[in-house]
Each structure stands twice: as structure tokens, then as C-alpha cells.
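Here the structure comes first, spelled out in C-alpha cells, and everything after it is commentary.
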Amino acid sequence: MGLNLVDEKNEAEINEVLDYLFELVLKYVKEGQEDDTKRLIEYIKKIGQAAAIAGLESIVVNTLLLFPQVARKACKQHMENALVNIVLAFGEIGKIAAGKKMETPAKIAASCLGEMGNTAASRRARKETVAVIFALGEIGKSVTWQRLGDVASSTVALLGETGKVAASQKFEDAALNAELLLQEIGTGAIEKNLKETADISVRSIRDIGKTADRQGLNRALLQAAYSLETIKFNAEDRYLMSASIIAEVALLHFERLEIQRLEDKLNKISRGRRKYPGMGL
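Our numbering puts the sequence shown at residues 9 to 289.
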């Protein structure tokens, strides 16, 4: 139905279909029908993806703006799986929009994800928090690759904040994933000469690491040090001194925490098997 209209680029009728689907999905949520809710979220997502591919930016924006109200209603009904589907829809649509250099939809998707991440962590919804971090990372990588500097910086800041909140709730795997994604995005930002994005990536990793230290999350603490070292090396290689200096100052803090002793301890716990933090230690 809606997908055919996207092919025809019939925006007026697409919006009518979206309005109909929106009312229907709210009805399913109210009735507690999670499977039907998920099915409609998936279909709305496909319309948003197709619209992004077709370059219909206003349709992409309208599609994204349907999800927050559905998410609020689903949260009240404790539909965790539907919420995860909404998170992934934001991530997938936002990623495609960023790939098409659509700044507004990418920024909307990231902003909504940031809000959902804070709400999920405050509810101690681990699965949703992990999904938010993954989705923000996907958008962050895409906007960085496309050199959308302002959107990249704001997305990275949201990813860092979500990772920090995850660490404060002792969601160590989520915090680890955030650090690894920030390292990847920060390295990409250095390659694309996006200085502000690189700097924010470094500060975000530092803040997650400090929170991990306070919460006793040793793997996340160690990963923060590794990620900072990696970005520092890449920044020096590309003469981005700001990111390099921020990383170096942050590393001075972590060095005082006797990282080497911590690494030895974790290696002993893993029975001598050398594994990279966050990859199954």
C-alpha cells in the first residue's frame, strides 16, 4: 500500500496512509496487542526507509515523528519488544537518511533515540538501552562518513551520554558497546577531519570510563583506556592535536588507576585467554 505510493512519489497519499497506520498502531498499543503493534512498526519503518532511499525528505520526517507518541504509549503498556523495534526503526531510517545527506531526519532520529536512551536507563531496561546505543552508533557512523559535522557532533554527544547513563546503571555490556562505537566514530572523524566530532568522542569515552570506575565496571574502564590510546595515536598521525591532547590528559587520570594491574587481574580471571574487552571476556 504505502510502499507503492513511495515508488510513485505520491506524497499526499503517503501521508494519508501514515495517518491511518498511526491511528491503527495506537489502537493496538491501547489494546495491549504487542505482536500487531510490532508488525505495524515494522511496516511504517519500511515506508520511512523507502522514502529516504527515494529522497522524499518530508515523508521521512513525518514517519519519524510518528514513533515518539507510539513509544510513550508502548512504555505505559510495558511493551519492551515493541520499544526495541521503535529504537531500531529510528536507527535504520536515520542511517539511510544520513547516507543521503538528509541532515534534518538524521538529527530527529538521533534526538529521539537520545531521549529513549535516558528513559530506558532510568527504567533499568537493559535490552532497550543496548538497542539505543547500537542505533545511535549506526547513525553516528553514517553522518560522520558523510561529513555532516553538526549532526555528527550532536549524535556522538547523545551516544556518549547514553553510554554514561548505562555505566551508571551498571549495564557494563552497553557501556562497552558505547565505548567501542565512540572509538570507531572518533577514528572516522579524524580521517574526515571533523575536529569537533573527534573531540566529543574522546570526552565521551573519558566520561564513560570515569563512571565505569566509580561503579566498579573493570572491563568498561579498561576499554576506555584502550579506546583513548587508539584515538590518541590516530589523532597524532593526522595532526589533530586537540583530540590528541584531550585523550592524553584523560589517560593520565586512568594511569593513576593502575590500568596494567587491572588488565593483569582480568587476564587471570579469563584463565589466561587474551580477549579484547567487550568481545566476550
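All C-beta atoms in this analysis are idealised placements derived from N, C-alpha and C, irrespective of residue type, glycine included.
Around the beta-carbon of Gly224, fewer than 16 other beta-carbon atoms lie within 10 Å, marking it exposed. Listed in chain order, the non-local C-beta contacts of Glu19 below 8 Å within the same chain comprise Leu64, Ser66, Ile67, local neighbours out to five positions each way being set aside.
In the three-state reduction of the DSSP assignment, Glu16 falls in the helix class, which pools H, G and I. Between Glu187 and Ala228, the C-beta spacing is below 8 Å.
When the beta-carbon positions are compared, Ile104 and Gln57 come within less than 8 Å of each other.
Counting C-beta pairs closer than 8 Å gives three or more between the segment 167 to 180 and the segment 206 to 221, which meets the contact rule. With a beta-carbon spacing of about 28 Å, Thr127 and Gly196 fall beyond the 8 Å limit used to define contacts. DSSP places Leu188 inside the alpha helix (DSSP H), whose first and last residues are 180 to 199. Going by beta carbons, Val95 and Val37 fall outside the 8 Å limit. Taking a 10 Å sphere around the C-beta of Lys109, we find fewer than 16 other C-beta atoms and assign the residue as exposed.
Pairing Lys240 with Glu263 gives a Cβ-Cβ distance that is not under 8 Å.
For Met87, the number of other beta carbons within 10 angstroms of its own is at least 16, and it is reported as buried. DSSP, reduced to helix, strand and coil, places Ala133 outside both helices and strands of the structure shown, so it counts as coil. Taking C-beta atoms as the reference points, Gln85 and Gly40 count as a pair closer than 8 Å. About 14 Å separates the beta carbons of Ile22 and Lys53, which is beyond the 8 Å limit, so they are not a contact pair. If you check the CB distance, Thr163 and Ala232 do not come in under 8 Å. Cβ neighbours of Ile198 within its own chain (closer than 6 Å, five residues either side excluded): Ala206, Asn242, Ala243, Arg246, Leu248. Within a 10 Å sphere around the beta-carbon of Asn185 sit 16 or more other beta-carbons, which makes this residue buried.
Rounded to the nearest whole angstrom, the CA to CA distance from Ile147 to Ile61 is 15 Å. For Glu39, the secondary structure class from DSSP, reduced to helix, strand or coil, is coil. Comparing alpha carbon positions, the residue from Pro76, Ser130, Ala139, Leu74 closest to Lys178 is Ser130. For Gly145 and Val138, the gap between their C-alpha atoms comes out near 11 Å. No beta strand (DSSP E) of 3 residues or more sits fully in the segment 71 to 156.
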